[in-house]
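*Asks:* Taking this note's numbering, the leading residue of the sequence shown gets 180, the next gets one more, and so forth. Supplied in structure tokens, the structure appears directly below.
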Amino acid sequence: MAKNEEYVRKPDWLKIKINTNESYTGLKKLMREKSLNTVCEEARCPNIHECWSERKTATFMILGDTCTRGCRFCAVKTGLPTELDWGEPARVAESVKIMGLQHVVVTAVARDDLKDGGAAVFAETVRRIREVNPGCTIEILPSDMKGDYESLSTLMSSAPDIFNHNIETVRRLTRRVRARAMYDRSLTLLKRVKEISPKTPTKSSIMVGLGETKEEILETMDDLLAHDVDIMTIGQYLQPTKKHLKVERYYHPDEFAELKDIALSKGFSHCEAGPLVRSSYHADEQVNAASAQRRIKYMKGYEEQENKEADFTF
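Dropping the structure here:
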């Protein structure tokens, strides 16, 4: 392959609409004022302009901005993390209220330096969000916490509305793609969530374009279903820098549509699949009926009270 063809050219359907309106700039300003991180920025999500400018949603990334793992697909920086910030849960909750969010996603860097993987701070963040925003539904996206069942129990004690943990890729490619993570450990983690809280929807995501085969994608679907996962998202891997894994190929939107149909036919209750789909893409549409009703009940009154007093508008 010639040098100038070393990297596969991006197809037209991956062109991103840039929209830096007041909603986008206002949200960016709020995050800096509250000393908060978002995976939207740190992981260079291609949907940041849609979510921040149009859907008015964001995925908060807690426990700092430095990950203890160095996964070869991820743009989040790796190194020695800072000390825990126990004021962070309150700042996240306050920001959710200022933004008037009806659904929020909370993720975190992997903190293998902590005995509980950061589960206590994670759980406190969920509790504070719910305390300040009783009608807001909450999705959590933690690391595997090294497979520690006690840490998982600590996290689940906060009663999130959706539990999300990404398998990321097929079994064969896991060791090359995910640092320190294990395919079967991720599956076991998802299964244990159902054992702790049978009614909580579980969710997982894979990236395609890393060299997997269609058969391997279908096998991953079957593995997730065998571990009681309800929701699946499938998106195109995009190389964040030249230091990261190369894209082996770009999937056509029609291929994503086919994978979505297959996933639903196999038994997933919901599937998002597309070139720019990421784990928290349209996450507000994936809560179960009970959580959605709670959100509607509280948010109607919340909006009536807050619309006159909000000090931050999009």
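Glycine is no exception: its CB is placed at the ideal position from the N, C-alpha and C atoms.
Below 8 Å, can you find three or more Cβ-Cβ pairs linking the segment 247-264 to the segment 279-287?
*Replies:* In short, these stretches do not touch, since the Cβ pair count stays below three.
*Asks:* Return the CA-CA distance between Ser274 and Glu262, expressed in angstroms with no decimal places.
*Replies:* Those two C-alpha atoms are separated by around 22 Å.
*Asks:* In terms of alpha-carbon separation, which member of Tyr362, Ile317, Asn343, Asn345 lies closest to Leu352?
*Replies:* Comparing Cα positions, the closest option is Tyr362.
*Asks:* Mind listing, in chain order, the continuous beta strand (DSSP E) runs of no fewer than 3 residues lying wholly within the segment 301-347?
*Replies:* Counting only runs of 3 or more, we get 316-320, 341-343.
*Asks:* For Asp292 and Asp433, what's the separation of their Cα atoms in angstroms?
*Replies:* Spanning the two alpha carbons is a distance of roughly 42 Å.
*Asks:* Thinking just about the alpha-carbon of each residue, which of Glu451, Leu417, Leu438 is nearest to the one in Arg251?
*Replies:* Of Glu451, Leu417, Leu438, the residue nearest in Cα terms is Leu417.
*Asks:* Straight-line CA distance for Arg359 to Thr381?
*Replies:* Approximately 22 Å, taken between the alpha carbons.
*Asks:* Would you grab the beta carbon distance between Gly297 and Leu242 for me? Rounded to a whole angstrom, and I think it's under 8 Å.
*Replies:* The pair is a contact, with the Cβ atoms about 4 Å apart (cut-off 8 Å).
*Asks:* The beta strand (DSSP E) that contains Glu451, what's its start and end?
*Replies:* Start and end: 449-453.
*Asks:* Around the Cβ of Thr286, are there at least 16 other Cβ atoms within 10 angstroms (buried) or fewer (exposed)?
*Replies:* That one is buried.
*Asks:* Assuming the contact rule is C-beta atoms closer than 8 Å, Ala272 and Val311 should be a hit. Round their C-beta distance to whole Å, please.
*Replies:* Contact flag correct, Cβ pair sits at about 4 Å.
*Asks:* Would you grab the beta carbon distance between Lys445 and Met386 for me? Rounded to a whole angstrom, and I think it's under 8 Å.
*Replies:* Their Cβ separation, rounded to whole angstroms, is 19 Å, which puts Lys445 and Met386 out of contact at 8 Å.
*Asks:* Taking the Cβ atom as the reference point for each residue, do Val426 and Gly388 lie within a distance shorter than 8 Å?
*Replies:* Closer than 8 Å, so yes.
*Asks:* When you compare only the Cα positions, how much space is there between Leu443 and His431?
*Replies:* Taking the straight line joining both Cα atoms gives about 19 Å.
*Asks:* At 4 residues or longer, and completely inside the segment 389-450: list those alpha helix (DSSP H) runs for me, N to C.
*Replies:* The segment 389-450 contains these whole alpha helix (DSSP H) runs: 393-405, 432-445.
*Asks:* Mark Pro339 as exposed unless 16 or more other C-beta atoms lie within 10 angstroms of its C-beta, in which case mark it buried.
*Replies:* Result: buried.
*Asks:* Could you tell me if Ala302 is buried or exposed, where buried requires 16 or more neighbouring beta carbons within 10 angstroms of its beta carbon?
*Replies:* When all chains shown are included, Ala302 counts as buried.
*Asks:* When you compare only the Cα positions, how much space is there between Pro313 and Phe239?
*Replies:* Computed Cα separation, rounded: 18 Å.
*Asks:* Could you spell out where the beta strand (DSSP E) holding Ala287 opens and where it closes?
*Replies:* Residues 282-287.
*Asks:* Start and end of the alpha helix (DSSP H) containing Met278?
*Replies:* Its alpha helix (DSSP H) spans residues 267-278.
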